[in-house]
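Worksheet: the structure to be examined is printed underneath.
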Amino acid sequence: MKAKKIVAGVSAAALAAFALPFAAAADEPEGYVSFTAVKSTVGQGFTVEPVKVPLYEGDKGVDIVKRAVGEDGVVFTESDYGAYITGFADDDTGAEIPAAIAAVCTDMTDRNNEGYLSAFDYTAESGWSYFINGEYTQVGIVDYEPQDGDVLEFRFTVYGYGADLGIDNSEWGGAAALTEQVNASELIRKCADVIGKGNENPALEGALNVLAEYGAAQSEIDAAYAALASEDMGEVTLTTEAAPDNAYDEETGVSAPSESKGSPDTGVEGAAAALGVIILACGAVAVSRKSR
0 MKAKKIVAGV SAAALAAFAL PFAAAADEPE GYVSFTAVKS TVGQGFTVEP
50 VKVPLYEGDK GVDIVKRAVG EDGVVFTESD YGAYITGFAD DDTGAEIPAA
100 IAAVCTDMTD RNNEGYLSAF DYTAESGWSY FINGEYTQVG IVDYEPQDGD
150 VLEFRFTVYG YGADLGIDNS EWGGAAALTE QVNASELIRK CADVIGKGNE
200 NPALEGALNV LAEYGAAQSE IDAAYAALAS EDMGEVTLTT EAAPDNAYDE
250 ETGVSAPSES KGSPDTGVEG AAAALGVIIL ACGAVAVSRK SR
């Protein structure tokens, strides 16, 4: 099934509303984080298209999220694991569930909170998980310390607490991965850079369509990056590899490669208490743009 691509829209008024509190944080940002929120598991592509978000001293991941979508674009919920994000502002309710997911999610519901895509929408296992530089994270968004050049990618899951995103929870009584886990961080970063520059790049639409498509293979992602980069700055060599499963590094506070898969502490919080903690988040008000 070909997914619709959703392009985030933020009005000038909204930008002014949430940019002001951060203006005094520093004269110049220390760097930038590339941010996106993808809901391809419900056939809608993006909630937030790739965007470069300024990074200031002392920022946590939650600051990047708020700066990207605004205070009203995100809903936080308190739990035993601390505050986490349960919804992104999103008005598009026309779900077109990909066939691979529909085959295993035969009893699906609707959305619960008007104007938001939230935890427990469509299934009891749904929510927002996030990835740092293509790796499934194990640190809460309120504790994640972003670095210049990071890619912060939120992805909505409806099946198996991330099984539809390529996370294998079968060892812990959950579902096996429904699709290949891929690393789209370089493509996200490049799209955010091109969009931020306002350049007319003929390969941009195709690259966004690949990011918005559920089940896109690593080879498709790599090819889209190569096409986008070659149009922007000449031929380049892609270094991205498929994301490994990862384990939490207590020293650095971020994920590190591991041989184990889908443990209960692979960054899933909230509803998935038996499988771990599902990290949830929410995005900007979106407007539709169909992929080709």
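Per numbering that gives the first Met the number 0: the sequence shown = residues 0 to 291. Beta carbons are placed, not taken as given, at the ideal position from N, Cα and C, and that holds for glycine.
Exercise. According to DSSP, is PRO256 helix, strand or coil?
Worked result: Along the sequence shown, read from residue 1 onward, the residue named residue 256 stands at position 257. Unreliable positioning characterises PRO256 in this predicted model, as indicated by a pLDDT of 37, which lies under 50. The coordinate reading is nonetheless provided below. Of the three classes helix, strand and coil, the one that applies to PRO256 here is strand, per DSSP.
Problem set entry | Closest Cα partner of ASP89 within the set LEU210, LYS59, ASP71, THR108 | Counting from one through the sequence shown, the residue named residue 89 turns up at place 90. Looking only at LEU210, LYS59, ASP71, THR108, the smallest Cα-Cα distance to ASP89 is reached by ASP71.
Problem set entry | Check whether ASP142 and LYS59 have beta carbons under 9 angstroms apart | As a position in the sequence shown, residue 142 is number 143, starting the count at 1. As a position in the sequence shown, residue 59 is number 60, starting the count at 1. Cβ distance < 9 angstroms, so ASP142 and LYS59 count as in contact.
For this session: In the DSSP assignment, find the unbroken beta strand (DSSP E) run with VAL154 in it and report its ends.
Result: Taking the sequence shown and counting its residues from 1, one reaches residue 154 at position 155. Checking the sequence, you will find Arg at residue 154 rather than Val. Element bounds for ARG154: 150-156.
For this session: Report, in whole angstroms, the separation of the C-beta atoms of PRO49 and THR35, which I expect to be a contact under 8 angstroms.
Result: Here residue 49 corresponds to residue number 50 of the sequence shown, with the count starting at 1. Here residue 35 corresponds to residue number 36 of the sequence shown, with the count starting at 1. So it is a contact: roughly 4 angstroms between Cβ atoms.
Exercise. Pairing CB atoms from the stretch 153-160 with CB atoms from the stretch 188-206, are three or more of them under 8 angstroms?
Worked result: Of all C-beta pairs linking the stretch 153-160 to the stretch 188-206, fewer than three are shorter than 8 angstroms, placing the two stretches out of contact.
Problem set entry | Spatially closest choice to ILE84 from VAL61, THR105, ASN198, by CA coordinates | Here residue 84 corresponds to residue number 85 of the sequence shown, with the count starting at 1. The residue with the shortest Cα to Cα distance from ILE84 is VAL61.
Exercise. Smallest Cα separation from TYR213: which of TRP127, ALA98, TRP171, VAL32?
Worked result: As a position in the sequence shown, residue 213 is number 214, starting the count at 1. Here the closest residue by C-alpha is ALA98.
Exercise. Smallest Cα separation from TYR129: which of THR46, GLY139, GLU113, LEU186?
Worked result: For the purposes of this step, residue 129 is identified with residue 130 of the sequence shown, where counting begins at 1. From the listed residues THR46, GLY139, GLU113, LEU186, the smallest Cα separation to TYR129 is found for GLY139.
For this session: Give the single residue among TYR224, ILE63, ASN200, ASP163 whose Cα lies nearest to the Cα of THR122.
Result: Stepping through the sequence shown from its first residue, residue 122 is reached at position 123. Closest by alpha carbon: ASP163.
Exercise. How about ASP149 and ILE131: do their beta carbons lie closer than 9 angstroms?
Worked result: Along the sequence shown, read from residue 1 onward, the residue named residue 149 stands at position 150. Along the sequence shown, read from residue 1 onward, the residue named residue 131 stands at position 132. Going by C-beta atoms, ASP149 is nearer than 9 angstroms to ILE131.
Problem set entry | For THR108, the nearest candidate out of TYR115, PHE119, GLY114, ILE100 (CA to CA) | Walking along the sequence shown from the start, residue 108 turns up at place 109. Nearest C-alpha to THR108: PHE119.
Exercise. What residues are listed by DSSP as bridge partners for THR46?
Worked result: Position 47 of the sequence shown, counting from 1, holds the residue named residue 46. The bridge partners DSSP lists for THR46 come to none.
Problem set entry | Those runs of the beta strand (DSSP E) which lie wholly inside the stretch 126-202 and span at least 3 residues | 126-131, 150-156
Problem set entry | Residue range of the unbroken beta strand (DSSP E) whose run includes GLY214 | In the sequence shown, residue 214 corresponds to position 215, counting from 1. Premise fails: GLY214 is in no beta strand (DSSP E) and is neither H nor E.
Exercise. Counting pairs of Cβ atoms below 8 angstroms between the stretch 194-204 and the stretch 166-180, do you hit three or more?
Worked result: no
Problem set entry | Span of the alpha helix (DSSP H), counted from its first residue to its last, around ALA99 | Indexing the sequence shown from 1 puts residue 99 at position 100. Looking at the DSSP string, the run of the alpha helix (DSSP H) that includes ALA99 is 98-101.
For this session: Locate the alpha helix (DSSP H) running through VAL68, then write down its first and last residues.
Result: Position 69 of the sequence shown, counting from 1, holds the residue named residue 68. It spans 60-68 - the alpha helix (DSSP H) in which VAL68 sits, taken as one unbroken run.
For this session: Could you have a look at ALA118 and say whether DSSP puts it in helix, strand or coil?
Result: Within the sequence shown, the letter at position 119 stands for residue 118. ALA118: coil per DSSP, three-state reduction.
Exercise. Which of the three DSSP states, helix, strand or coil, is assigned to GLY57?
Worked result: If you number the sequence shown from 1, residue 57 lands on position 58. Three-state result, GLY57: coil.
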